[in-house]
Amino acid sequence: MTETLFGAPPRYPDVPDGQVSGSRLEKALRAGKFVITSELNPPDSADPDDVYQAAQPLGEVVDAINATDASGANCHMSSLGISALLSQSGYDVVYQVSCRDRNRIAIQGDVLGAAALGVRNVLCLTGDGVGAGDQPGAKPVFDFDSISLLRTLRTMRDQGVFLSGRKITRPPKLFLGAAENPCVTPHEWRPERLAKKVEAGADFIQTNYIYDVPLFEKFMARVRDLGLDKRAFILAGVGPIASAKAARWIRSNVPGIHIPDAVIDRVEQAEKPAEEGKRICVELIQQIRDIAGVAGIHVMAYRKEHLVSEIIREAGVLQMGRRKIAQPT
Amino acid sequence: MYRIRLFATRHARAFEWLYAGLERVMIAADPVFRRIGYQRIERPVALIERAAKGLLFDCKMCGQCALSSTGMSCPMNCPKTLRNGPCGGVRPGGYCEVKPQMKCVWVLAWDGASRMKNGDRIGEVLPPVDHTLKGSSAWLRVSREKAANLRSATEAARTVVAQSFPAARRNEPSTAPLAPEPPAAQGRTEA
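Below you can see the structure in the form of structure tokens.
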């Protein structure tokens, strides 16, 4: 324990036994609860209230909120800024770090800064190419890849050194996450790649959107064969479709999203497409939660945070081993 | 060239064999290289390496070649220069997210690795590239390091003796020597 002034609680508390970070997400997962996470759509604004407003509807239903790092290579408020604001308001946050925009010097420093600001969960991502975003002329960095980033952060946490070997006096306490995209080529190698991420240091996994349950089941069967579900907590990614047109656009313009034709047809033929898209998402959650090895879900609804809470309530997953609801102070 | 690169991953097994042979030759040549001086041969070897690997693998001379662990598909051709596997953006049919006309470097890598004898090395976690080594010869780096490892392995037996008899080593170092013997002392036979 560090010394504190006037008997105040330590600003950088020690981690409880059996945990690596002390985050609420880690605690819930290790307690065997079916965990729910979601992502916050970052504002194009410098006003903290915009962050709090976006987080409010999520905080009632999720265990942790992901702060995306310029996803799709589009510029928004930084994930570090959002993570700090939300952590200090009592939310449990997953700080997303993409390798696209920062080199190893910046990332290692940012992660220490984030930990000092109260962040305990980090999701290590490669990041979409700059060409996918609103400033395609930017220089792609990709100094790390997601896997070497994971190993680096694990080294900082467990060995207490930077990649250079220089000592970190108070190492960051982090619950390390990685992404996986089970429904995208090369399907047969995705579980092997997941194995590599776990080997590199991933404690939890959040997958990209899953709309193809049979494909995901096949993936999970292999994951179980490799014993990966015992070494990392796997949260399956889901999200509602707004319309058939939107789904087709996403499928051809957003990297790494596979939506089967049958799903799009169902939305197209429905009287109320948005309602049907939500219904499909609820059904996906109900199918996915019964797959062995799935530790929770990650609900992503782009610019539709209010839908997340409806979907989670309708899917009936709130009752599955409920936890204390994260409330802002 | 893209076509030759595809050819190389399709014949990853043959290239693995060729590479293993080249490595043995390079390690065997280590005494010669050391006599001439690694620094002096660095430039000519790097030139040859650039030409050969540039033709075969579209090599970018990162100086830290990992071809034997990446199915003979050079990861530096990935627009994101990923060293540990594909990103999540691979397009249907196994095409690159950033360059849709190109096959994903890592789809080729896993395909190549599945043909190789030591293909499971693709599962090893690789560190980020050290950009200070860019342009230098990876061949020389490997042969120098592996030859040095071999040399230290021959000294390892003596080290085990030293470790197993710590008191002797402390009090009578000459009974359990740790330091490499000077050349004059090596190869002596008992009188």
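Protein chains in written order, with the UniProt record's numbering: chain A, 1 to 329; chain B, 1 to 191.
Ideal Cβ positions, reconstructed from N, Cα and C, are used throughout, including at glycine.
I need the straight-line Cα distance from residue i to residue j, nearest angstrom please.
{"i": "B:W106", "j": "A:D134", "result": "27 angstroms"}
{"i": "B:R5", "j": "A:C75", "result": "36 angstroms"}
{"i": "A:G277", "j": "A:P42", "result": "23 angstroms"}
{"i": "A:L163", "j": "A:A262", "result": "47 angstroms"}
{"i": "A:P191", "j": "A:G227", "result": "11 angstroms"}
{"i": "A:A46", "j": "A:T169", "result": "33 angstroms"}
{"i": "A:C281", "j": "A:G72", "result": "22 angstroms"}
{"i": "A:E305", "j": "A:E314", "result": "15 angstroms"}
{"i": "A:L80", "j": "B:D130", "result": "26 angstroms"}
{"i": "A:A200", "j": "A:G165", "result": "18 angstroms"}
{"i": "A:E188", "j": "A:A221", "result": "12 angstroms"}
{"i": "B:A138", "j": "A:L215", "result": "41 angstroms"}
{"i": "A:R231", "j": "B:L133", "result": "35 angstroms"}
{"i": "A:M1", "j": "A:V141", "result": "Below a pLDDT of 50, predicted positions are generally treated as unreliable, and A:M1, at 46, falls in that range; the measurement from the model is reported next regardless. Roughly 38 angstroms between the two C-alpha positions."}
{"i": "A:G137", "j": "B:A147", "result": "45 angstroms"}
{"i": "A:D110", "j": "A:L125", "result": "15 angstroms"}
{"i": "B:A113", "j": "A:A116", "result": "42 angstroms"}
{"i": "B:C74", "j": "B:A12", "result": "12 angstroms"}
{"i": "A:I241", "j": "B:A46", "result": "53 angstroms"}
{"i": "A:Y209", "j": "B:S68", "result": "33 angstroms"}
So what does DSSP say about residue i, is it helix, strand or coil?
{"i": "B:E23", "result": "helix"}
{"i": "A:E167", "result": "Note that residue 167 of chain A is Lys in the sequence shown here, rather than Glu. Residue state, collapsed to three classes: strand."}
{"i": "A:I259", "result": "coil"}
{"i": "B:T154", "result": "helix"}
{"i": "A:I297", "result": "strand"}
{"i": "A:Q88", "result": "helix"}
{"i": "B:F165", "result": "coil"}
{"i": "A:R287", "result": "Here residue 287 of chain A turns out to be Gln, not Arg, going by the sequence shown. Helix at A:Q287."}
{"i": "B:R10", "result": "helix"}
{"i": "A:L123", "result": "strand"}
{"i": "B:K103", "result": "strand"}
{"i": "residue 194 of chain B", "result": "Here chain B has residues from 1 to 191 only, and residue 194 of chain B is not among them."}
{"i": "A:I311", "result": "helix"}
{"i": "B:A176", "result": "coil"}
{"i": "A:G113", "result": "helix"}
{"i": "B:V45", "result": "helix"}
{"i": "B:V142", "result": "helix"}
{"i": "A:T329", "result": "Caution is warranted here: a pLDDT of 43 is assigned to A:T329, below 50, making its placement in the model unreliable, and the coordinate value is therefore given only provisionally. Here A:T329 sits in coil by DSSP."}
{"i": "A:G237", "result": "strand"}
Is the Cβ of residue i closer than 8 angstroms to any Cβ of chain B?
{"i": "A:V238", "result": "no"}
{"i": "A:F144", "result": "yes"}
{"i": "A:T126", "result": "yes"}
{"i": "A:T185", "result": "yes"}
{"i": "A:I147", "result": "yes"}
{"i": "A:G256", "result": "yes"}
{"i": "A:W249", "result": "no"}
{"i": "A:G177", "result": "no"}
{"i": "A:E305", "result": "no"}
{"i": "A:R104", "result": "yes"}
{"i": "A:P136", "result": "no"}
{"i": "A:A200", "result": "yes"}
{"i": "A:P140", "result": "yes"}
Got a sec? Which residues, its chain only, sit under 6 angstroms from residue i by beta carbon, not counting five neighbours each side?
{"i": "B:L18", "result": "none"}
{"i": "A:G127", "result": "S98, C99, R100"}
{"i": "B:G89", "result": "E97"}
{"i": "B:A176", "result": "V161, A162, F165, A168, R169"}
{"i": "A:R24", "result": "D92"}
{"i": "A:Q88", "result": "G118"}
{"i": "A:A301", "result": "G239, P240, L307, V308"}
With 16 other CB atoms within 10 Å as the buried threshold, where does residue i fall?
{"i": "B:Y2", "result": "exposed"}
{"i": "B:F7", "result": "exposed"}
{"i": "A:K27", "result": "buried"}
{"i": "B:R35", "result": "exposed"}
{"i": "B:D111", "result": "buried"}
{"i": "A:V161", "result": "exposed"}
{"i": "B:V32", "result": "exposed"}
{"i": "B:S152", "result": "exposed"}
Suppose the cutoff is 8 angstroms on Cβ atoms and the five residues either side in sequence are ignored; what does the same chain contact list for residue i look like?
{"i": "B:P100", "result": "R91"}
{"i": "A:E217", "result": "I291"}
Determine, using beta carbons only, whether residue i comes closer than 8 angstroms to chain A.
{"i": "B:K80", "result": "yes"}
{"i": "B:E97", "result": "yes"}
{"i": "B:G135", "result": "no"}
{"i": "B:R121", "result": "no"}
{"i": "B:V160", "result": "no"}
{"i": "B:R83", "result": "yes"}
{"i": "B:G88", "result": "yes"}
Output needed for residue i: all residues of its chain with C-beta closer than 7 angstroms, excluding positions within five of it in sequence on either side, in chain order.
{"i": "A:L85", "result": "P48, V51"}
{"i": "A:I312", "result": "I36, V61, V299, L318"}
{"i": "A:Q96", "result": "N66, A67, T68, D69, S79, L123, L125"}
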